[in-house]
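Asks: Shown below is the structure under consideration.
Residue numbers (the numbering used here): 50 to 663.
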């Protein structure tokens, strides 16, 4: 990691321009929400409800499922789908981060009185993780297979949760999206357990409490233009329909929000507003739960546009997911979410989501039969016989993702096409996968609440395979999750795919006049990247973040014995160095990797060529 990065702060004009692009309507929604939090008489500060009592979920006499159940939540908790933590013999402590032992101070406070980022607590997502109810799915699976103790534990934990988290008090009521995820997991737990039936009175009351919390803050969720709006819309639709006649207004609101949010946030090329692979999976998991529930209750379908966008989003993730192990580029924000965990597949295996979504929205399989079929079987979704077409090279004109394929090798170029706010400084980042191995890789996220040094690093230009100008980020940082002065691609070279090679390129100029033109060519045994740089004042640094391994630097080349990477420059290189960088393949995980850095002080072109043996 290079120390001393120059701050790139936006001035008033940059802020005004950025806020205008965020949308005045969205800004007004967020401002109204924050104002309501401070106004004692506002409705969202006066929510109240009573504790439900009784059994929440029941098991029906159903044939066992052949797919294996998740083994998580038996002896230990599975947090962020990869971190194991000890479980108590009775019930979890819902207000302690099981990874750090940190406790939320005064957990009986009203939800609106709890700060977003409390140094005494650390990353609040560690507190929320136990209360997302992932364990409902695992315990429901075991109960479906005849384990009565699992059902007893499930109902016992739910009873304890609501007792220790009385309505609208404490950190676990703070976020409408977290409440929404609980509703969706409860509903999918009911799907796993058996056929359609009326919910238990205690479940009716529990769901009603959650919808009452979600409903009044949906305007704020919409103002975020991200997965908050889709998750909360899904919970209102699913929860409202579950309650029957008593939930009609919530169901109608959720349906209307889903139609509007999917129409706006999912583009025609299938890309999602958050420009993130992990959040794209979260979106698809959410849409799958909605469609499973709709079919289960035999409710009217959504619009043709809704299904077209859901299918396009499915194909988008299918296009970049490796069929070998289900992994995909670590591009964009990655908070560890994996909503539909119904097996023991690794966190980074996207195949269960793609297979289920393809069955629901594309009337086809994405992959042949395999362990990734488990999610569909547990949710009662019949997998079609037909297969999706094999993924092809593709340049998405809406989201700014170009996929170059020479099977089994794949390159992904991230180029600026911003309709929504970027959360990472990853302009012209290149990911490269050689026969299923991620050789040139993105850093990920690590944590949303950590030291500023790490927040800036993982979201910044240093954490991506691109060029850094004058020791600063590509865009000025305006907030924890907000960059300003979003550039647009001035030139987009058309995608070329023929027998000789697959190629694509794009160019942008940043707010300080630095210009980066990148062209990527992928052919058999060779990846060639040309970077033409100009407009900077002092220096430009090209970084290639390499897969961990024994890389040896020799002049302008590095090699690990199988793959070599050589960089040529038509201007003298000021510095060539193999340095230490960091990556986070999973949330709250930070590991080292080698980074090749080539620094120049004059405008010119750098040509990087990677070669390998088949």
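Glycine included, C-beta positions come from ideal geometry on N, C-alpha and C.
If you draw a straight line from the alpha carbon of residue 173 to that of residue 278, how long is it in whole angstroms?
Replies: By one-based count along the chain shown, residue 173 stands at place 124. By one-based count along the chain shown, residue 278 stands at place 229. Taking the straight line joining both Cα atoms gives about 20 Å.
Asks: Here's a check: name, in chain order, each residue in its chain whose Cβ is nearer than 8 Å to the Cβ of residue 66, leaving out the five neighbours to either side.
Replies: To locate residue 66, count along the chain shown from 1; it is residue 17. Here the set comprises 533, 534.
Asks: Can you tell me whether residue 312 is buried or exposed? The criterion is at least 16 other CB atoms within 10 Å of its CB, across all chains shown.
Replies: Position 263 of the chain shown, counted from the start, is the residue given in the question as residue 312. The residue is exposed, with fewer than 16 neighbouring Cβ atoms inside 10 Å.
Asks: Report the three-state DSSP secondary structure of residue 427 (helix, strand or coil).
Replies: Position 378 of the chain shown, counted from the start, is the residue given in the question as residue 427. DSSP places residue 427 in helix when its eight states are reduced to three.
Asks: Within 10 angstroms of the Cβ of residue 500, are there 16 or more other Cβ atoms? Answer buried if so, exposed if not.
Replies: The count along the chain shown starts at 1 and reaches residue 500 at position 451. Classification of residue 500: exposed, given that the 10 Å Cβ count is below 16.
Asks: Grab the span of the alpha helix (DSSP H) containing residue 64 for me, first residue to last.
Replies: Translated into the one-based positions of the chain shown, residue 64 becomes position 15. Per DSSP, residue 64 belongs to the alpha helix (DSSP H) from 61-71.
Asks: Which whole-angstrom value describes the C-beta separation of residue 552 and residue 570, a residue pair presumed to lie in contact below a C-beta threshold of 8 Å?
Replies: Mapped onto the chain shown, residue 552 falls at position 503. Mapped onto the chain shown, residue 570 falls at position 521. That belief holds up - the Cβ atoms of residue 552 and residue 570 are roughly 4 Å apart, short of 8 Å.
Asks: Determine the extent of the alpha helix (DSSP H) in which residue 618 is found, giving its start and end residues.
Replies: Your numbering for residue 618 matches position 569 in the chain shown. Per DSSP, residue 618 belongs to no alpha helix (DSSP H); it is in the beta strand (DSSP E), 612-618.
Asks: With a threshold of 16 other CB atoms inside 10 Å of the CB of residue 230, please say whether the residue is buried or exposed.
Replies: By one-based count along the chain shown, residue 230 stands at place 181. The residue is buried, with at least 16 neighbouring Cβ atoms inside 10 Å.
Asks: Just list the residues that DSSP pairs residue 135 with in beta bridges.
Replies: As a working mapping, residue 135 is identified with position 86 in the chain shown. 125.
Asks: Please name the residue, chosen from 543, 498, 250, that lies closest to residue 100 on a Cα-to-Cα basis.
Replies: As a working mapping, residue 100 is identified with position 51 in the chain shown. Nearest option by C-alpha distance: 250.
Asks: Would you mind sorting residue 348 into buried or exposed? The rule is 16 or more other CB atoms within 10 Å of its CB.
Replies: Position 299 of the chain shown, counted from the start, is the residue given in the question as residue 348. Residue environment analysis places residue 348 among the exposed positions, since fewer than 16 neighbouring C-beta atoms fall within 10 angstroms of its C-beta.
Asks: Over the uninterrupted alpha helix (DSSP H) stretch that includes residue 402, give me the two end residues.
Replies: For the purposes of this step, residue 402 is taken as residue 353 along the chain shown, with counting starting at 1. 400-410 is the span of the alpha helix (DSSP H), which, as asked, contains residue 402.
Asks: Roughly how many angstroms separate the alpha carbons of residue 291 and residue 248, rounded to a whole number?
Replies: Taking the first residue of the chain shown as position 1, residue 291 is located at position 242. Taking the first residue of the chain shown as position 1, residue 248 is located at position 199. Per the coordinates, the alpha-carbon of residue 291 lies some 7 Å from the alpha-carbon of residue 248.
Asks: Please state whether DSSP places residue 589 in a helix, a strand or coil.
Replies: Position 540 of the chain shown, counted from the start, is the residue given in the question as residue 589. DSSP places residue 589 in strand when its eight states are reduced to three.
Asks: Rounded to the nearest angstrom, what separates residue 51 and residue 223 at their Cα positions?
Replies: Your numbering for residue 51 matches position 2 in the chain shown. Your numbering for residue 223 matches position 174 in the chain shown. With a pLDDT of only 45 at residue 51, under 50, the local geometry of the prediction cannot be trusted, and no value is derived from it.
Asks: Please classify residue 579: does DSSP put it in a helix, a strand, or coil?
Replies: Here residue 579 corresponds to residue number 530 of the chain shown, with the count starting at 1. It is a strand residue.
Asks: Just to confirm my understanding: we take residue 664, look at its own chain, exclude 5 residues before and 5 after, and list those with CB closer than 6 Å. What are they?
Replies: Summary: the structure shown does not reach residue 664, with the chain confined to residues 50 through 663, and so no result is reported for it.
Asks: By DSSP's criteria, residue 603 is part of a beta bridge. Which residues make up the other side?
Replies: Counting from one through the chain shown, the residue named residue 603 turns up at place 554. DSSP output for residue 603 lists 606 as bridge partner(s).
Asks: Specify whether the segment 357-377 and the segment 392-403 touch according to this definition: at least 3 beta carbon pairs, one from each stretch, less than 8 Å apart.
Replies: yes
Asks: In whole angstroms, what separates the C-alpha of residue 524 from that of residue 488?
Replies: Counting from one through the chain shown, the residue named residue 524 turns up at place 475. Counting from one through the chain shown, the residue named residue 488 turns up at place 439. Taking the straight line from one Cα to the other gives about 26 Å.
Asks: DSSP three-state label for residue 217, please.
Replies: Here residue 217 is taken as the residue at index 168 of the chain shown, counted from 1. Residue 217: coil per DSSP, three-state reduction.
Asks: Can you tell me whether residue 250 is helix, strand or coil according to DSSP?
Replies: Numbered from its first residue, the chain shown carries residue 250 at position 201. Three-state result, residue 250: helix.
Asks: Within the continuous alpha helix (DSSP H) that includes residue 524, where are the two ends?
Replies: Within the chain shown, the letter at position 475 stands for residue 524. Careful: residue 524 lies outside any alpha helix (DSSP H) and carries neither H nor E.
Asks: Under a Cβ-count criterion, where at least 16 other Cβ atoms within 10 Å of its own Cβ denotes burial, should residue 437 be classed as buried or exposed?
Replies: In the chain shown, residue 437 corresponds to position 388, counting from 1. Residue 437 should be labelled buried.
Asks: So what does DSSP say about residue 273, is it helix, strand or coil?
Replies: For the purposes of this step, residue 273 is identified with residue 224 of the chain shown, where counting begins at 1. In the structure shown, residue 273 sits in a helix (DSSP, three-state: H, G or I).
Asks: Could you pull the start and end residues of the alpha helix (DSSP H) that residue 174 belongs to?
Replies: Numbered from its first residue, the chain shown carries residue 174 at position 125. For residue 174, the enclosing alpha helix (DSSP H) stretches over residues 174-177.
Asks: Report the rounded CA-to-CA distance for residue 355 versus residue 241, giving the unit in angstroms.
Replies: As a working note, residue 355 is residue 306 in the chain shown. As a working note, residue 241 is residue 192 in the chain shown. So the two alpha carbons sit approximately 26 Å from each other.
Asks: For residue 426, which residues from the same chain have a beta carbon less than 6 Å from its beta carbon, with the 5 sequence-adjacent residues on both sides left out?
Replies: What you label residue 426 is simply residue 377 of the chain shown in a count that begins at 1. Hits under 6 Å: 114, 116.
Asks: Against chain B, does residue 80 count as a neighbour if the rule is that its beta carbon must be under 8 Å from one of theirs?
Replies: This model lacks chain B altogether, as it is built from one protein chain only.
Asks: Can you find at least 3 beta carbon pairs, one from the segment 209-228 and one from the segment 76-85, that sit closer than 8 Å?
Replies: no
Asks: With DSSP collapsed to three states, give me the class of residue 359.
Replies: Start at 1 with the first residue of the chain shown, and residue 359 comes out as number 310. The answer is helix: DSSP assigns residue 359 an H, G or I state.
Asks: The alpha helix (DSSP H) with residue 238 in it runs from where to where?
Replies: In the chain shown, the residue the question calls residue 238 occupies position 189. Per DSSP, residue 238 belongs to the alpha helix (DSSP H) from 225-242.
Asks: By DSSP, does residue 119 sit in helix, in strand, or in coil?
Replies: Locating residue 119 in the chain shown gives position 70, where the first residue counts as 1. Coil at residue 119, not helix or strand.
Asks: Start and end of the alpha helix (DSSP H) containing residue 514?
Replies: Taking the chain shown and counting its residues from 1, the one referred to as residue 514 is at position 465. Segment: none, residue 514 is in no alpha helix (DSSP H) and carries neither H nor E.
Asks: Using DSSP with H/G/I as helix, E/B as strand and the rest coil, what is residue 629?
Replies: Taking the first residue of the chain shown as 1, we reach residue 629 at position 580. Here residue 629 sits in strand by DSSP.
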